[in-house]
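Residue numbers (the working numbering): 8 to 283.
A virtual CB, placed ideally from N, CA and C, is assigned to each residue, including glycine.
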Amino acid sequence: MLLNIEGLSLAVPTDQGPRQILDDVSLHVRSGETVGLVGESGSGKSTTARSALALTPDGASTTGSVTVDGVDVLSCDPGKVREVRKGKAAMIFQDPRSAINPVRRIGDSATERLVRVHGVPRAEATARLLALFEEVGLPDPQRLLRQYPHQLSGGMLQRVAIAAALSVDPSLLLADESTSALDVTTQAEVLALLQRLRRERGLGVLFITHDLLLAAAYCDRVYVMRDGRVVDEQPGASIFVDPAEEYTRSLAEATPRLPERAPRERPEELATGASK
Ligand SMILES: Nc1ncnc2c1ncn2[C@@H]1O[C@H](COP(=O)(O)OP(=O)(O)O)[C@@H](O)[C@H]1O
Ligand SMILES: [Mg+2]
C-alpha cells in the first residue's frame with residue numbers, strides 16, 4: 008500500500024485546552040489509484056494530506072498511524088521521514104506563490120530539489136524540467152526558466168509547481184486543491200497528464216478538492232470528510248448516483264450540474280441555437 012492512514016486522530020493545544028482536528032481518520036491510496044478527498048473548508052483535508060509527510064501542526068499530539076510505502080512517518084526516525092519527502096511523496100499546494108521563492112528565477116527554484124537533494128547534474132535537471140513544462144502545457148519553456156515568479160500568472164505558476172513536484176518522480180502525489188485555481192482547459196490538461204503518469208508509472212494520487220463533480224469524474228474512490236472525520240467512502244462514479252450518507256447527498260444536491268432531464272429537448276435546441 009502506497010499511503011495507509013489508520014485511525015489517525017490529531018489534536019492541537021489551545022488556550023482552552025486541546026482541540027481535536029482529526030478524529031479516527033482512515034484512508035488508503037494504492038499505486039496507480041486516484042483517490043479523492045472532499046469536504047467543506049475546515050473539515051481537515053489539508054491536515055490529513057500533510058500528515059503523509061509528517062507535517063503536523065506545532066505541538067500536535069497524534070494517535071494512529073500514517074505509513075507511506077510501509078514507512079510509518081509519525082513514529083520513524085527523521086532520516087526515514089527525509090527519505091519519504093525526498094522522493095516517495097510530493098505535495099502540491101493550493102497557493103503556488105506561498106511555496107516559491109519570489110526573488111529566484113523559475114529555473115533555479117524548480118530544479119533545486121533535483122540538484123540539491125537528488126544530486127542530479129544541473130543540465131540534466133533542467134532538461135527534465137523543460138520536458139515537464141511542455142507536458143503541463145507551459146508555453147516557451149526556455150524563456151520561463153529565466154523568469155521570476157511575479158512575471159507569471161497564478162495558473163502558470165501552479166503548473167510550474169506541478170512540474171517541479173513531478174520532476175522527482177514521486178510514487179505518491181498529494182494534490183491539495185492544486186488545480187482549483189487553473190482555468191478549465193488547463194485543469195483538464197493537468198489532470199490528463201496525471202492520469203497518464205498513473206497509467207505509465209503507477210503514480211498514486213490523493214486528490215483534494217471541494218469540487219464534488221470533479222472528484223466524481225476523476226477519482227477511482229472518493230472519501231468525504233466532515234468535522235475532522237471521514238463520513239463516507241464511495242467509488243467516484245457512485246457519488247451522485249447513490250450517495251450512501253446523508254451528508255454526501257447534501258453535498259451532491261448542493262453541486263450545480265447541467266440539467267439532467269434535458270436530453271430530449273436538447274438536440275433541437277442545439278440545432279436551432281435556441282439554447283443561447
Ligand atoms: N496549526 C493549526 N493550529 C490550529 N488549528 C489548525 C491548525 N491547522 C489547521 N487547524 C484547524 O483544523 C481544521 C482543519 O483544517 P484543514 O485541515 O486546513 O481543513 P481543510 O483543508 O479541509 O480546509 C480547521 O478548523 C483549522 O482551523
Ligand atoms: Mg485545505
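For residue i, the residue or residues it bridges with in DSSP
{"i": "Met232", "result": "Val237"}
{"i": "Arg294", "result": "Examination of residue 294 is not possible in this model, given that the chain is present from 8 through 283 alone."}
{"i": "Arg20", "result": "The displayed chain sequence assigns Pro, not Arg, to residue 20. Note: Pro20 sits in a beta bridge opposite Pro25."}
{"i": "Leu179", "result": "Ala96, Gly211"}
{"i": "Ile107", "result": "Beta-bridge pairing links Ile107 to no other residue."}
{"i": "Leu10", "result": "Val36, Val75"}
{"i": "Pro242", "result": "Arg228"}
{"i": "Thr216", "result": "Val45"}
Nearest-angstrom Cβ-Cβ length linking residue i and residue j, presumed shorter than 8 Å
{"i": "Ile246", "j": "Ala261", "result": "Incorrect: roughly 13 Å between the Cβ atoms, too far for contact."}
{"i": "Glu184", "j": "Thr216", "result": "6 Å"}
{"i": "Gly114", "j": "Leu152", "result": "3 Å"}
{"i": "Pro128", "j": "Phe140", "result": "About 18 Å separates the two Cβ atoms, so there is no contact after all."}
{"i": "Ala97", "j": "Ala172", "result": "4 Å"}
{"i": "Val36", "j": "Leu213", "result": "5 Å"}
{"i": "Leu29", "j": "Gly51", "result": "5 Å"}
{"i": "Gly86", "j": "Pro20", "result": "Contact flag wrong, Cβ pair sits at about 27 Å."}
{"i": "Ser187", "j": "Gln101", "result": "6 Å"}
Neighbourhood of residue i by C-beta, 8 Å cutoff - its chain only, sequence neighbours within 5 removed
{"i": "Val110", "result": "Tyr155"}
{"i": "Tyr254", "result": "Val231, Arg233, Val238, Asp239"}
{"i": "Ala224", "result": "Gly243"}
{"i": "Leu189", "result": "Gly162, Gln165, Arg166, Val197"}
{"i": "Lys283", "result": "Confidence in Lys283 is poor, its pLDDT being 40 and thus under 50, which makes the residue's placement unreliable; the coordinate value appears in the next sentence. None."}
{"i": "Gly14", "result": "Asp31, Val32, Ser33, Thr70, Gly71, Ser72"}
Residue range of the unbroken alpha helix (DSSP H) whose run includes residue i
{"i": "Pro148", "result": "148 to 153"}
{"i": "Ser68", "result": "Where Ser68 is concerned, there is no enclosing alpha helix (DSSP H), although the beta strand (DSSP E) it sits in stretches over 68 to 75."}
{"i": "Leu81", "result": "No alpha helix (DSSP H) contains Leu81, which DSSP labels as neither H nor E."}
{"i": "Leu62", "result": "Leu62 -> no alpha helix (DSSP H), and no H or E assigned at all."}
{"i": "Asp115", "result": "113 to 119"}
{"i": "Ser257", "result": "253 to 260"}
Sub-9 Å separation of residue i and residue j beta-carbons
{"i": "Thr193", "j": "Arg166", "result": "yes"}
{"i": "Val32", "j": "Ser16", "result": "yes"}
{"i": "Leu181", "j": "Leu60", "result": "yes"}
{"i": "Pro103", "j": "Ala168", "result": "yes"}
{"i": "Asp79", "j": "Ser72", "result": "yes"}
{"i": "Ala39", "j": "Arg206", "result": "In the sequence on display, residue 39 carries Gly and not Ala. Yes, the pair counts as a contact, with Cβ atoms nearer than the cut-off."}
{"i": "Gly209", "j": "Thr41", "result": "no"}
{"i": "Pro263", "j": "Arg256", "result": "no"}
{"i": "Leu136", "j": "Ala117", "result": "yes"}
Opening and closing residue of the beta strand (DSSP E) in which residue i lies
{"i": "Phe140", "result": "Segment 129 to 142 is the alpha helix (DSSP H) holding Phe140; no beta strand (DSSP E) there."}
{"i": "Gly43", "result": "41 to 45"}
Beta-carbon proximity list for residue i, same chain, < 7 Å, skipping 5 on both sides
{"i": "Asp76", "result": "Leu9, Lys95, Ser178"}
{"i": "Val175", "result": "Gly94, Ala97, Arg120, Leu121, His125"}
{"i": "Gly144", "result": "Arg166, Thr193, Glu196"}
Same chain, Cβ closer than 6 Å to residue i, neighbours up to 5 away in sequence not counted
{"i": "Ala222", "result": "Gly43, Val45, Thr216, Val229"}
{"i": "Ile99", "result": "Ala168, Ile169, Ala172, Ala182, Ser185"}
{"i": "Pro274", "result": "Confidence in Pro274 is poor, its pLDDT being 47 and thus under 50, which makes the residue's placement unreliable; the coordinate value appears in the next sentence. The answer is none, since no qualifying residue turns up."}
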